[in-house]
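Chains as they are written, first to last, in the working numbering: chain R, 1 to 164; chain F, 165 to 950. Quick reminder that beta carbons are idealized off the backbone N, C-alpha and C, glycines included. Since we're looking at a predicted model, the values are computed, not measured. Structure first, then comments.
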Amino acid sequence: MSARVLHPVEMTVNGVTIRAQVETRQALAEFLRANAGLTGTHIGCDTSQCGACTVHVDGVGLKSCTLFAVQANGAAVTTIEGVAPQGAMHPMQQAFQEHHALQCGFCTPGMIMSALDLVRRNPEPTDDEIRQALEGNICRCTGYYNIVKAIAAGARAMRAPAGK
Amino acid sequence: MNYIGKPLARREDVRFLTGRGNFVDDVKLANTAWIAFLRSPHAHARIRGIDSTAAAGMPGVLRVLTAADWKAAGLGELTCVHPMPFSDGRPMNEVLRPCFAADRVNHVGDVVAAVVAEDRYGALDALDAIEVDYEVLPAVSITARALDAGVPVVHERFQSNLVNEVVRGNKAAADAAFAAAAHVTELTVSSNRLAGNALEPRAYLADYNRATGQSTLWATTQMPHLLRRWICRYTLFMPENKLRVIAPDVGGGFGVKGHYAVEVATVVWAAKLLGRPVKWTCTRSELMMSDAQARDHYTRAKMAFSKTGEILAMQVETLASFGAYCSNFGPSIPGNSYPQTITGLYLTPHLHLRVRGVYTHTVPIDAYRGSGRPEATLVNERLMENGAREMGIDVVEIRRRNLIPHERFPYKTPVGRIYDSANPPLMLEKLVALSNYARLRTEQARRRKAGELVGIGLAAFLDKSGTGPSATLATKGGLHGGYESAIVRAHSDGKVTVFSGSHSHGQGHDTAFCQVAADRLGLPLEDISLVQGDTDSVPFGNGTWGSRSLSVGGIAIYKAADRVIDKAKIIAAHMLECAAPDLEYAQGQFTVAGTNRGVTFCQVAEAAHHGANCPTGPDFEPGLEATVFYDPPDTNDPSAMHLTLVSIDPTTWRVQVEAYYTLDDCGLVVNPLIVEGQVHGGLAQGIGQAMMEKVSYDADSGQLLTGTFMDYAMPRAADMPPLESDFICTLAPSNPLGVKGGSETGTIGPPAAIGNAIVDALWHLGVRHVDPPYTPHAVWKAVAGK
């Protein structure tokens, strides 16, 4: 049994610089939860299937369980806690509430992060495109119908002129 | 106020949407140690020895635990709180799931040892250093083979794998009906084994305070009080007032988080041993070999029809897997839920049913959303449609001839269950209209002519919910209650906290329960908050299972709220110097009838808490709250019907569910948004069972083949068909709101409805049955006659 080796990492999470000593095997998801104290990013599987851990790394949607924290060294990471100012909700979050697109809420942060990544790439997704874009996110509660509705509505709200 | 019936957006959503939920793994305590479990890699083996010396000496390792430590401490095992004896009265051949396997492992995933270490990585590293000397033994993992001569026996003391034998109905009457039948349809049907797979894996965090002797457990549980009772009474032998169980936000349960899980007592015990917090969070691959699994029936059944298609009788012979041990609610599913719902919504006059529970070297079986009804409906509805096709009767028409008429409710079935309320004929006609059945058939004929394989299938079925009352539950084997608790507590400012013994892990109690409370209290919803999931603040509750939250837990709140208003009225009458019956109450205001004199609920609450301006006399107590333990007088019976259109690719044999229609009757709907969400979510799980999900074990070695989400297919967004849903409402007669369970029907219908549609599409090719999941391989095998 070799001694456990720690590596220094530094990244910007939701605009705040986080520095820590981590093991090579520590996933970014664990880093966010344990070192950054941001428990909105969830771990639902250990094979990168469920997408509950989806975050944005340098602006791109990624499953944070597939990335080691050391690989994200120097990156800017946005988690669910960072998509809207504290006390406010992003239009996508509002759409999820309005359309009852969550039940237990465990997959929800990953769903929102994937939805925002989709809208970044495709501001006017069709229902079919939304369903395809969610291929990496599993929800066990909702049957996805309301999630698809909410993402379409959230995308519409994001296209609406400011102030509306 | 009128909140009941409104599709209000959920109040609990904001914390989940913003990443501020509080799940067990999110709870952090200083100085927490981690525990990890070593599990059997074999389905069946003798443990010759365990050498944990190297592991115990690794840096950061605090403790290694095995069956020997458990035994030395004199601790107990898990428990079965719903045993089902043989129908002749003999007790079932019960073997409880052990916290640590002692000399033999009986399924892949059986716990062999545990390591507590300073952190998770240290604990996991140490697991690798434990040497277990196994003598691998032959295993049986296939339910259909469990009672065959010469198969390996899971528990040798019983000399066979038989757990119990439940017989229902009247064999002589059924035999006579079959002898006189114009037509008999016969099938062999398997219900695939499932994993519940709530998205949040189970997790436990236990703390122990040496100064007070108090343990606290944060747990992913649907029933914190029952979990506390089981740990204290059956396993760790400690007083219940020394263990506080907190179920914070729980990420889905579906029944599986209701079971007494194998790891939880060990986590509590380890915290006590070390005098510091100990945490365990399951991984998905661990969960796939540890969380109780579901379904897994093998059934031969037949249905007797008259010349005109009326069902005369049904005979059912089922082997139901229990897995390697009796899990805590496990026996009740094939023993109660299954026989009670197998004749569904039909007038079937005679039934003879025998279910034999069997052990196999697999993960134990227990309740998972649907619990027995999907297995029953698959058998009943596959027989129904095969019978119709064999007799040349349209599948809707044959149902019209067999459905229980509305006026026959309450209806007593041949197994003795009394269905409380339903209107099956109305539901069928609404489903026919919703789906435009005649047009679907015309379109099907057109596409068939063009060479396409297109089928239409239905499923009509009964759900059952609100299991109770407690005394009746006990006659069916239940060692737990069927009641629910509530406190409605008005504070001195007139704001209200509701405490419920029920627990929400996605069901939306904070909204729906408070809608009920707000209406009964005549107060704005925002004045009411809900507390649940804490044994130190909530009275003993039976938790959430069997679609009982609203019809039992909600009614407890309803009654407690009414009692609060009754008491408030007495105080208000004192304040207004009138008689209580002269008072009218609405929207937070007590008014002397016919006058403009009144006091508000807030003023009454203020007086009740001051205690000074209150009625005098020995019968009056200050304060303004009520505690209710509500034991429902009866169960309630939701019902539903599904219709689906499928097409099948003749090259790949892939089934495409093109359209899905549902009709539900769950009585009065308190929050339509939430109830529709329950229909959707149930449907995803039902379509999962129908189309893709199956826990598979290697037939020879018993090795688990579906160990992760890579191998166990879960429905994703693109797998869900276009859906149209509608509701009818027949009120449940046993509760004042008329509500019924509304969350499980989606899981019940799809294996039957889609299976029927596939057989309809392939009938002309000679296909008479396909077992779920309806994968291309399964359909191809059926067509090829393999």
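In the structure shown, F:G670 adopts coil according to DSSP, grouped into three states. Distance check between F:G224 and each of F:D283, F:V839, F:L391, F:L301 places F:D283 closest, using alpha-carbon atoms only.
Distance between F:P513 and F:G536, taken at the CA atoms: about 21 Å. Counted as a single uninterrupted DSSP element, the alpha helix (DSSP H) harbouring R:I112 occupies residues 108-121. Judged by beta-carbon spacing, F:L363 lies within the 7 Å limit of R:F106, meaning their Cβ atoms are closer than that value. Across the set F:Q504, F:E481, F:A383, F:K406, the C-alpha of F:K406 shows the shortest separation from the C-alpha of F:Y372.
R:P8 has R:Q21 as its beta-bridge partners, per DSSP. Classified as buried, F:L687 has 16 or more neighbouring CB atoms from the shown chains inside 10 Å of its CB. If only uninterrupted alpha helix (DSSP H) runs of at least 4 residues are considered, those enclosed by the stretch 897-937 of chain F are 909-912, 914-926.
Shown here, F:F486 sits in a strand according to DSSP, grouped into three states.
With contact defined as three or more Cβ pairs closer than 8 Å, the stretch 377-384 of chain F and the stretch 407-415 of chain F are in contact.
Bounds of any beta strand (DSSP E) do not take in F:A435; it lies within the alpha helix (DSSP H) bounded by 428-438. Residue burial annotation: F:L547 is buried, with at least 16 other C-beta atoms found within 10 angstroms of its C-beta.
Between F:G521 and F:A484, the beta carbon gap of about 5 Å places them in contact (Cβ cut-off 8 Å). The beta carbon of R:R140 falls within 7 Å of a beta carbon belonging to chain F, placing the residue at that interface.
Taken in chain order, the whole beta strand (DSSP E) runs of length 3 or more contained in the stretch 269-308 of chain F are 275-281, 295-300. Going by DSSP, F:L239 is part of no alpha helix (DSSP H) at all; its letter is neither H nor E. Spatial neighbours of F:E481 in its own chain (CB-CB distance under 6 Å, excluding positions within 5 residues in sequence) are listed in chain order as R464, R518. F:I838 reaches chain R at H100, Q103, counting residues in chain order whose Cβ is nearer than 9 Å. Where F:H773 is concerned, the enclosing alpha helix (DSSP H) starts and stops at 765-774. In this structure, DSSP gives F:W944 a helical state, which the three-state scheme calls helix.
A Cβ-Cβ distance of about 6 Å is found for the pair F:G642 and F:H246, placing them in contact under the 8 Å criterion.
Between F:T872 and chain R, the shortest Cβ-Cβ separation is below 7 Å. Counting C-beta atoms within 10 angstroms of its own C-beta, F:F663 has 16 or more neighbours from the protein chains shown and is therefore classed as buried. The alpha-carbon of F:R818 is positioned some 46 Å away from that of F:A266. When Cβ-Cβ separations below 7 Å define contact, R:Q21 makes no contact with chain F. Bridge partners of F:R464 according to DSSP: F:T352, F:E481.
Listed along chain F, no residue sits closer than 8 Å to R:V57 by beta-carbon distance, the nearest being about 16 Å off. Here R:V60 is exposed, its C-beta having fewer than 16 other C-beta atoms within 10 Å. Using a CB distance cut-off of 7 Å, R:F68 does not count as an interface residue toward chain F. By the neighbour-count definition (other C-beta atoms within 10 Å, threshold 16), R:N73 is an exposed residue. Contact annotation: F:R440 and F:A197 have beta-carbon atoms nearer than 7 Å. Counted as a single uninterrupted DSSP element, the beta strand (DSSP E) harbouring F:E748 occupies residues 747-750. F:L567 is positioned such that its CB atom lies no closer than 7 Å to that of F:P538. Neighbours of R:F96 across chain F, judged by C-beta separation under 8 Å: D177, L181.
Rounded to whole angstroms, F:D177 and R:P8 show a C-alpha spacing of 37 Å.
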